[in-house]
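In my numbering, each residue carries its 1-based index in the sequence shown increased by 37.
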Amino acid sequence: MPYIKMTVQAGNDEYTYKYHTHRYAKKSERGKNIKPTSKEQKKINKRIAQRKRQWTASSNFNRGDWYITLTYRKSERPQDNKTAAKILSDILGKLRRKLKRNGIQLYYMSSTERGEKGAVHHHLIIKNNFDIGMLIEQWTFGRIDTVSIYTDSMAELSAYFTKDISGKHANKQAVKAKETVYSSSRNLKKPKITKQVVKAKTFADIPTTKKGYTIIHFYRNFQSEAGYLYQECTQTKTKVQANTTFTCTRKRLS
Numbered sequence: 038m039p040y041i042k043m044t045v046q047a048g049n050d051e052y053t054y055k056y057h058t059h060r061y062a063k064k065s066e067r068g069k070n071i072k073p074t075s076k077e078q079k080k081i082n083k084r085i086a087q088r089k090r091q092w093t094a095s096s097n098f099n100r101g102d103w104y105i106t107l108t109y110r111k112s113e114r115p116q117d118n119k120t121a122a123k124i125l126s127d128i129l130g131k132l133r134r135k136l137k138r139n140g141i142q143l144y145y146m147s148s149t150e151r152g153e154k155g156a157v158h159h160h161l162i163i164k165n166n167f168d169i170g171m172l173i174e175q176w177t178f179g180r181i182d183t184v185s186i187y188t189d190s191m192a193e194l195s196a197y198f199t200k201d202i203s204g205k206h207a208n209k210q211a212v213k214a215k216e217t218v219y220s221s222s223r224n225l226k227k228p229k230i231t232k233q234v235v236k237a238k239t240f241a242d243i244p245t246t247k248k249g250y251t252i253i254h255f256y257r258n259f260q261s262e263a264g265y266l267y268q269e270c271t272q273t274k275t276k277v278q279a280n281t282t283f284t285c286t287r288k289r290l291s
């Protein structure tokens, strides 16, 4: 039966999702429409939110921008993530106003989370269009680690940032993600999203590599909430160097 193909063009990365829906199934193929439970709906909503953050990161950041981790010394640690998020928001607000006076915009995405030992900390992806020392000077609560992003593809780093992780660390990351507080500047670009109905019985087991691109992530399985086959694929421009620290997930049906 026909399927939906959704393509998201975000910077150097292209995210493709293929899936069947009840809408295009023949009467003989369709089952009874079942409304997702509240627990299932929460999972769906969480997955959608993770994807959007990942697309946003790919659309706005690149090689040479900053990946920053802010930690607190023990005596300065906030009691909860919301309090920590407010501290970070105030600091970024001051920085944004200072930059604005100099005609510079602040572009960022942030996450506030609690580590395995209970220590609250922040992760930030920040556009390298100003002296990062201005942020370092304001962070007086503890340690600041700055890493210059060394790949043009943001797909894998953004997957880690949004806790969209598969493999042996998936469960730990999912638990941490429950309490994570995300934020971003309002001036970030949105990705280009297109949807089309493909009139074919189904899609190929293995996606075709787009000319000039390399597949760095592929997943294929059944959607638990619908029972239909689902596939997602992330490709990055061939000239772009992907971060080899992360591994791709390839899952085929037996």
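Idealized CB from N, CA, C, for every residue including glycine.
message: Between which residues of its own chain and residue 90 is the CB-CB distance below 6 Å, once the five residues before and five after are set aside?
response: Locating residue 90 in the sequence shown gives position 53, where the first residue counts as 1. The answer, listed in chain order, is 199.
- request: Go ahead and label residue 184 buried or exposed: buried means 16 or more other beta carbons lie within 10 angstroms of its beta carbon, across all protein chains shown.
  value: For the purposes of this step, residue 184 is taken as the residue at position 147 of the sequence shown. It counts as exposed.
field: CB of residue 191 within 8 Å of CB of residue 48, strictly
entry: Here residue 191 refers to the residue found at position 154 when the sequence shown is read from its first residue. Here residue 48 refers to the residue found at position 11 when the sequence shown is read from its first residue. With a cutoff of 8 Å on beta-carbon distance, residue 191 and residue 48 are scored as near each other.
- prompt: If we call anything under 8 Å between Cβ atoms a contact, is residue 250 one with residue 113?
  reply: Numbered from its first residue, the sequence shown carries residue 250 at position 213. Numbered from its first residue, the sequence shown carries residue 113 at position 76. Contact: no.
Whole-angstrom distance between residue 87 and residue 75, CA atom to CA atom: Here residue 75 corresponds to residue number 38 of the sequence shown, with the count starting at 1. Here residue 87 corresponds to residue number 50 of the sequence shown, with the count starting at 1. Their Cα atoms are separated by approximately 18 Å.
task: Could you tell me which residues DSSP puts in a beta bridge with residue 162?
output: Taking the first residue of the sequence shown as position 1, residue 162 is located at position 125. DSSP lists 104, 146 as partners of residue 162.
query: Buried or exposed: residue 164, going by 16 or more other Cβ atoms within 10 Å of its Cβ?
result: Along the sequence shown, read from residue 1 onward, the residue named residue 164 stands at position 127. When all chains shown are included, residue 164 counts as buried.
field: DSSP bridge partner residues for residue 325 (one or two, in chain order)
entry: There is no way to answer for residue 325, as the model of the chain reaches only from 38 to 291.
message: Whole angstroms are fine: how far does the CA of residue 55 sit from the CA of residue 65?
response: Counting from 1 along the sequence shown, the entry for residue 65 is found at position 28. Counting from 1 along the sequence shown, the entry for residue 55 is found at position 18. Here the model assigns residue 65 a pLDDT of 40, short of 50, so the residue's position is not dependable, and the following value carries that caveat. So the alpha carbons of these two residues sit roughly 22 Å apart.
message: If contacts are defined as beta-carbon pairs under 8 Å, then residue 224 and residue 144 qualify, I think. What distance do you get, rounded to the angstrom?
response: For the purposes of this step, residue 224 is identified with residue 187 of the sequence shown, where counting begins at 1. For the purposes of this step, residue 144 is identified with residue 107 of the sequence shown, where counting begins at 1. A Cβ-Cβ separation of about 6 Å places residue 224 in contact with residue 144 under the 8 Å criterion.
query: DSSP on residue 114, reduced to helix/strand/coil?
result: Here residue 114 refers to the residue found at position 77 of the sequence shown. Coil, per DSSP.
- prompt: Would the beta-carbon of residue 253 fall within 8 Å of that of residue 273?
  reply: The sequence position of residue 253 within the sequence shown is 216, counting from 1. The sequence position of residue 273 within the sequence shown is 236, counting from 1. Contact flag set, yes.
message: Considering only their Cβ atoms, is the gap separating residue 107 from residue 181 smaller than 8 Å?
response: Translated into positions along the sequence shown, residue 181 becomes position 144. Translated into positions along the sequence shown, residue 107 becomes position 70. For residue 181 and residue 107, yes; Cβs fall inside 8 Å.
task: Determine the extent of the beta strand (DSSP E) in which residue 269 is found, giving its start and end residues.
output: Position 232 of the sequence shown, counted from the first residue, corresponds to residue 269. Residues 266-274.
- prompt: Along the chain, where does the beta strand (DSSP E) that runs through residue 256 open and close?
  reply: Taking the sequence shown and counting its residues from 1, one reaches residue 256 at position 219. First-last of the beta strand (DSSP E) with residue 256: 250-259.
task: Express the C-alpha separation of residue 169 and residue 177 in angstroms, rounding to a whole number.
output: As a first step, residue 177 is located in the sequence shown; it is residue number 140 there, counting from the start. As a first step, residue 169 is located in the sequence shown; it is residue number 132 there, counting from the start. Roughly 15 Å separates the two Cα atoms.
- prompt: Who are the near neighbours of residue 121 in its chain, counting only those whose CB is closer than 6 Å to its CB and skipping five residues on each side?
  reply: The residue you call residue 121 lines up with position 84 of the sequence shown. 115, 149, 157, listed in sequence order.
- request: Give the DSSP-derived three-state secondary structure of residue 120 in the structure shown.
  value: Position 83 of the sequence shown, counted from the first residue, corresponds to residue 120. DSSP places residue 120 in helix when its eight states are reduced to three.
- prompt: Do residue 58 and residue 41 have their C-beta atoms within less than 8 Å of each other?
  reply: Looking up residue 58 in the sequence shown gives position 21. Looking up residue 41 in the sequence shown gives position 4. Closer than 8 Å, so yes.
query: Alpha carbon to alpha carbon, how far is residue 226 from residue 141?
result: Locating residue 226 in the sequence shown gives position 189, where the first residue counts as 1. Locating residue 141 in the sequence shown gives position 104, where the first residue counts as 1. Going from the Cα of residue 226 to the Cα of residue 141 covers about 16 Å.
query: Who are the Cβ neighbours of residue 235 in its own chain at under 7 Å, not counting the five residues just before and after it?
result: Counting from one through the sequence shown, the residue named residue 235 turns up at place 198. Only residues of its own chain outside the window of five on either side were considered, and among them 39, 40, 42 have a CB closer than 7 Å to the CB of residue 235, listed in chain order.
query: Is the distance from the Cβ of residue 98 to the Cβ of residue 173 below 8 Å?
result: What you label residue 98 is simply residue 61 of the sequence shown in a count that begins at 1. What you label residue 173 is simply residue 136 of the sequence shown in a count that begins at 1. Taking 8 Å as the Cβ cut-off, residue 98 and residue 173 do not qualify as a contacting pair.
query: Which word fits residue 67, buried or exposed, when buried means at least 16 other C-beta atoms lie within 10 angstroms of its C-beta?
result: Looking up residue 67 in the sequence shown gives position 30. Only weak support exists for where residue 67 lies, its pLDDT of 47 falling under 50; the coordinates are left without a value.
message: Per DSSP, what are the beta-bridge partners of residue 51 in this structure?
response: Within the sequence shown, residue 51 is the residue found at index 14, counting from 1. Residue 51 is bridged to 46, 272.
message: Can you check which of these residues, 267, 248, 258, 222, is closest to residue 162 by C-alpha distance?
response: Position 125 of the sequence shown holds residue 162. Among 267, 248, 258, 222, the Cα nearest to that of residue 162 is on 222.
message: Cutting at 7 Å between CB atoms, please list the residues of its own chain near residue 275, excluding the five before and the five after it.
response: To locate residue 275, count along the sequence shown from 1; it is residue 238. Around residue 275: 249, 250, 251.
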